Amino acid sequence: MEKKLRDSLQQGIYKVINPFVKGLIKIGLTPNAVTTIGLILNIGVAIIFVLGAEKSNRGDMSYIGWGGALVLFAGLFDMLDGQVARLGNMSSKFGALYDSVLDRYSEMIMFLGICYYLVAHHYFLSSLFAFVALIGSMMVSYTRARAEGLGVECKGGLMQRPERVVTIGVFAIACGIAGHFIGGNYKLYVPGISFHVFETMSIFTMPITIMAVLTNITAIKRLQEAKKGLEAKEFSERKGNNKAALIAGLVFTGSLIGVFSFSANAQGSDPSPITFPTPKDISNQLFYLQRDPNTNTIICQLNVDKHGEVNKDQPVNVFWIRYGDKGEKKELNYIQRKFAYGIISKDLGNGQFELRFTSHKKLPMYLNKSGTDKKYHVFATINNKKMQLERIFLRIEGGTFWFPNVKYVEIKGFDASEPSKVLVERIKV
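Heads up: take any position in the sequence shown, counting from 1, add 1, and you land on our numbering.
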């Protein structure tokens, strides 16, 4: 919603300024020249504030008003340079870099003048907030630039550069006008409070204080947005497109290997030399997963509260039973949970959930009550057959740790339409 509003407003402004932009192109101004003019105007803003600090008294707000007017005029050139580049077909990578660098110089020079003015007239707390606003402004821009340099988009948030320019310019003008009509030394007192709660200068300094907070919040939110994007990118790169590497990753982290209860005799031809135990006495067990080269087993269990209701946020618990370590129960570690055995769930309503393994999102499974026994089971369609899942087994013979020789994946369960009928489906890899 915020982005659409910004885009609509921007397009409206472009319609107004495009005739002026075409005029600049006709007289031969380049985008870099327009950007340079914007910097010079911001130097002029700083000069106005410095002159106000040196030549005016504390109650004279006229310099603030004129400084605000020049801030808005200089800010107009932030839009003009981009439009000159687009309409004049003069876009370049260096031009984009030049614009970004000079925008940072412009903003720092402007804040330099503001801080100088506030310190000179003994608004020390306000000058501190102005400096914090400068820090936030720089970090908003830097966070975006650094994130995009790492390959992820990082936009949005309050107090981007146009908002900052408009805020300072508009409220500086308002302060100058108020100073002319009500006086620069106007103060508002509240009975019972020994100090004034408002003065003419507050029209300018209060928005800067708000900006100090919002710019830094925007920078932090962009950092969080970049973190999500980078994690998704790293996961995608880690996952890769190599099928053998994917299977090795499944074995290494214990991903989508063996989720259902199933005896060794059900393996048919080419059985594993290992005799796998069948998990017993596990309440609300849905299915389990086993694989060579050991008997350690992953259990998927229905997650219910003390009233027997399914936890809608996390309907399935996933954990190890380490038969190779005296059958102890052990939670998944972070890597196994995030990239392997962990299950992503989606509440479909009416007691139904869609489940997908974090390591293999292409296989949807569905958790819902069976019409036969009125209990929760997990169902999936394997080889065009809808099954009530019980066990998944991965047969490995030889190979290396990273590139094991996977012979087949075997899935055992029951026919969803005829629960007494056992189904065993084998998928060769």
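Using N, Cα and C, we set each Cβ at its ideal position, and we do this for glycine too. In this text the structure is predicted, and so the values were computed from the model without any measurement.
Cross-strand partners of residue i (DSSP beta bridge)
i	result
residue 310	Residue 310 pairs with nothing; no bridge assigned.
residue 190	197
residue 111	Residue 111 pairs with nothing; no bridge assigned.
residue 416	388, 419
residue 285	Residue 285 pairs with nothing; no bridge assigned.
residue 321	299, 331
residue 395	292, 410
residue 353	350
residue 381	388
residue 400	405
residue 305	311
Simplified DSSP assignment, three categories, for residue i
i	result
residue 427	strand
residue 12	helix
residue 155	coil
residue 44	helix
residue 298	strand
residue 59	coil
residue 408	strand
residue 84	helix
residue 28	coil
residue 211	helix
residue 53	helix
residue 358	strand
residue 206	helix
residue 275	coil
residue 90	coil
residue 375	coil
residue 270	coil
residue 20	helix
The alpha helix (DSSP H) enclosing residue i, as first and last residue numbers
i	result
residue 338	335–340
residue 171	162–183
Where the beta strand (DSSP E) through residue i begins and ends
i	result
residue 347	344–350
residue 366	361–370
residue 135	Taken as a continuous stretch (DSSP letters only), residue 135 belongs to no beta strand (DSSP E), being part of the alpha helix (DSSP H) at 125–150.
Any non-hydrogen atom of the ligand FAD closer than 8 angstroms to residue i Cβ
i	result
residue 92	The ligand FAD is absent from the structure shown, which contains no ligand whatsoever.
Below-9 angstroms beta-carbon distance, residue i vs any chain B residue
i	result
residue 429	This model lacks chain B altogether, as it is built from one protein chain only.
*Cβ contact (3+ pairs, closer than 8 angstroms) linking the segment 119–129 and the segment 204–217*: yes
*Tell me, please, whether the segment 326–336 touches the segment 368–382 by the rule of three or more beta-carbon pairs shorter than 8 angstroms.*
no
*Would you be able to state if there are at least three C-beta pairs under 8 angstroms between the segment 29–38 and the segment 95–106?*
yes
*the segment 218–236 touching the segment 152–167, judged by at least three CB pairs closer than 8 angstroms*: Enough Cβ pairs lie closer than 8 angstroms, so yes.
*Decide yes or no for the touch test of the segment 38–47 against the segment 110–126: beta carbon pairs closer than 8 angstroms, at least 3 of them.*
yes
*Evaluate contact between the segment 61–77 and the segment 129–149, counting only Cβ atoms and requiring at least three cross-stretch pairs below 8 angstroms.*
no
*Tell me, please, whether the segment 386–402 touches the segment 334–353 by the rule of three or more beta-carbon pairs shorter than 8 angstroms.*
no
*asked:* Quick test of the definition: if touching needs 3 or more C-beta pairs under 8 angstroms, does the segment 384–393 touch the segment 306–313?
replied: no
_Contact the segment 177–192 vs the segment 47–63: 3+ CB pairs below 8 angstroms_ = yes
*Counting Cβ pairs, one atom from each stretch, are 3 or more of them under 8 angstroms apart for the segment 213–229 and the segment 74–91?*
no
*At least 3 beta-carbon pairs within less than 8 angstroms: the segment 161–171 vs the segment 182–200*: no
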